[in-house]
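Reading through the structure tokens given below for one structure.
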Amino acid sequence: MPELPEVEVVRRGLERWVVGRTIASAEVLHPRAVRRNAGSLPDRLKGRTAASVERRGKYLWLPLLDSEDITAGLDGLDGLGREVGAGEVAAGEALIAHLGMSGQLLVVDPLTPTEKHLRVRLTFTDGGPELRFVDQRTFGHLLVAPLAVRLPRPVPEPIAHIAADPLEDVFDDEEFATRLRLRRTGMPRRTEIKRALLDQSLISGVGNIYADEALWRARLHWARPTETLTTTKIAELLAAVREVMAEALEQGGTSFDSLYVNVNGESGYFDRSLAVYGRRDRPCPRCGTPIRREPFMNRSSYSCPKCQPRPRNAHP
DNA sequence: ACCGCAACCTGTACGC
DNA sequence: TGCGTACAGGTTGCGG
């Protein structure tokens with residue numbers, strides 16, 4: 001699914017409906033959905049309170065407060081204050097969620113009939129709406145893990161390898177431009193621009209839809225070698241990524257079907273504004289040329305043959 | 001160290 | 001109607 005705009009829509013829903021509530025129970029209906037916690041998830045959630053809802057790229061997490069933290073009036077982020085190692089302070093734990101290809105987090109009345117693909121159900125001590133994790137393909141999962149304070153932003157340990165996303169203040173445009181062309185070792189990076197956009201350790205939150213849409217806006221073919229991009233072109237591409245994501249967010253995200261919905265089960269409507277994705281043989285909104293579809297990484301890439309000519313130095 | 005690909009799942013659409 | 005194939009918004013782990 002869900003790419004950054006769709007996940008942000010879910011984050012906002014959770015912020016409104018879940019923050020400040022204390023978990024009464026967690027029921028796991030499919031072990032694969034909690035595979036990284038192997039049986040311990042319910043015990044680690046019971047009695048804890050969601051302090052906030054954070055997002056980086058396509059990951060969501062809810063920092064968890066213990067009841068002692070609340071009675072002590074601490075903010076839950078650095079309440080324990082234990083030294084763990086150089087540059088890190090223990091900050092308790094967080095409930096992490098990744099929606100994979102088909103995951104949904106739904107806030108529903110407890111009497112709502114069980115969804116066919118319900119994987120985890122969280123109930124709250126106030127007896128109010130439940131939080132349900134529904135996931136047809138079970139590529140998504142929930143996980144409770146330590147939250148380490150790392151400057152400039154606290155992030156759960158299991159997602160320490162995920163780069164900042166382009167809508168975060170801490171995203172470093174210059175570092176991104178450098179890393180697009182150079183490996184950490186200083187050797188030139190040999191890859192194509194779309195592969196790089198989808199690499200969540202370089203820039204997070206971009207998936208197949210928004211990669212294609214941003215490349216179309218920046219007039220770049222997906223197979224363009226990153227080492228041939230100018231600093232100016234990279235800046236244009238980043239601007240296009242931010243622009244298309246901001247527009248999608250305004251419209252509640254992209255939904256081709258009921259698989260991609262907010263916490264209340266409602267679809268976004270940015271699909272009507274897509275220029276190329278899923279639009280093979282339909283006219284390019286800029287020049288009228290029929291959009292082409294090409295196989296790419298066991299998926300598809302959509303582009304305009306005229307606005308986005310295949311680079312001559314790309315592999316055929 | 002890096003890169004590209006198969007694997008992990010379920011459901012739908014389509015051609016024969 | 002049934003069957004086989006292709007494809008779907010993502011991440012991981014492994015081989016080269």
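So in full-length UniProt numbering, spot 178 of the first sequence is number 178, and the numbers just go up one at a time. Built from N, CA and C at the ideal position, the CB exists for glycine as well.
Exposure label - residue i; buried when at least 16 CB within 10 Å
i	result
Met245	buried
Ala38	exposed
Asp69	buried
Gly186	exposed
Asp172	exposed
Asn298	exposed
Ser272	Checking the displayed sequence, the identity of residue 272 turns out to be Arg instead of Ser. Counting Cβ neighbours within 10 Å, Arg272 comes out exposed, since fewer than 16 surround it.
Cys304	buried
Arg153	exposed
Gly76	Per-residue confidence for Gly76 stands at a pLDDT of 40, beneath the threshold of 50, marking its modelled position as unreliable; the derived number appears in the next sentence. Result: buried.
Glu287	The question names Glu, yet the displayed sequence has Cys at residue 287. Exposed.
Arg121	buried
Cβ-Cβ separation, residue j to residue i (assumed contact under 8 angstroms), whole Å
i	j	result
Pro156	Leu147	5 angstroms
Leu119	Phe133	In the sequence as displayed, the identity of residue 119 is Arg instead of Leu. Going by Cβ atoms, the distance from Arg119 to Phe133 rounds to 5 angstroms, so yes, they are a contact pair.
Lys46	Glu3	At roughly 32 angstroms, the Cβ-Cβ gap does not stay under 8 angstroms, so Lys46 and Glu3 are not in contact.
Leu215	Gln136	Rounded, the Cβ-Cβ distance is 29 angstroms, inconsistent with contact.
Leu167	Ile234	With 8 angstroms as the limit, Leu167 and Ile234 do not qualify as a contact, their Cβ atoms being about 17 angstroms apart.
Leu198	Ala211	6 angstroms
Leu29	Arg48	Between Arg48 and Leu29 the Cβ distance is about 20 angstroms, and since that is not below 8 angstroms, they are no contact.
Ala24	Thr125	5 angstroms
Contact set for residue i: own chain, Cβ-Cβ below 6 angstroms, skip 5 residues either direction
i	result
Ala97	Leu60 and Leu142
Arg183	Arg189
Arg224	Ile193 and Pro311
Leu237	Ala218
Coil, strand or helix - residue i by DSSP
i	result
Gly127	coil
Pro158	helix
Thr289	coil
residue 340	Since the first residue of the chain shown is 1 and the last is 316, residue 340 is not available in this structure.
Phe176	helix
Glu27	strand
Thr232	helix
Arg119	strand
Leu237	helix
Pro42	helix
Gly13	helix
Thr114	coil
residue 320	No answer is possible for residue 320: it lies beyond the span of the chain, which begins at 1 and ends at 316.
Val19	coil
Gly81	Its pLDDT being 39, under 50, Gly81 is placed unreliably by the model, and the measurement read from it follows with that caveat. Correct three-state label for Gly81: coil.
Ser301	strand
Trp222	coil
Close-in-space but distant-in-sequence residues of the same chain around residue i (CB under 7 angstroms, 5 per side omitted)
i	result
Thr191	Thr226
Arg7	Arg is not the amino acid found at residue 7; the sequence shown has Val there. Cβ neighbours of Val7 beyond the five flanking positions: Arg55, Lys58, Leu60 and Leu99.
Leu106	Arg132, Val134, Val263 and Gly265
Sequence-distant residues of the same chain with beta carbon closer than 8 angstroms to residue i, five excluded per side
i	result
Phe296	Lys194 and Trp222
Is the stretch 169-189 touching the stretch 249-259 in the sense that three or more CB pairs, one from each, lie closer than 8 angstroms?
no
Quick check: the stretch 263-270 against the stretch 6-16, are there 3 or more CB pairs under 8 angstroms?
yes
If you pair each beta-carbon of the stretch 186-203 with each one of the stretch 265-281, do three or more pairs fall below 8 angstroms?
no
Do the stretch 40-55 and the stretch 292-299 touch if we need at least three Cβ pairs shorter than 8 angstroms?
no
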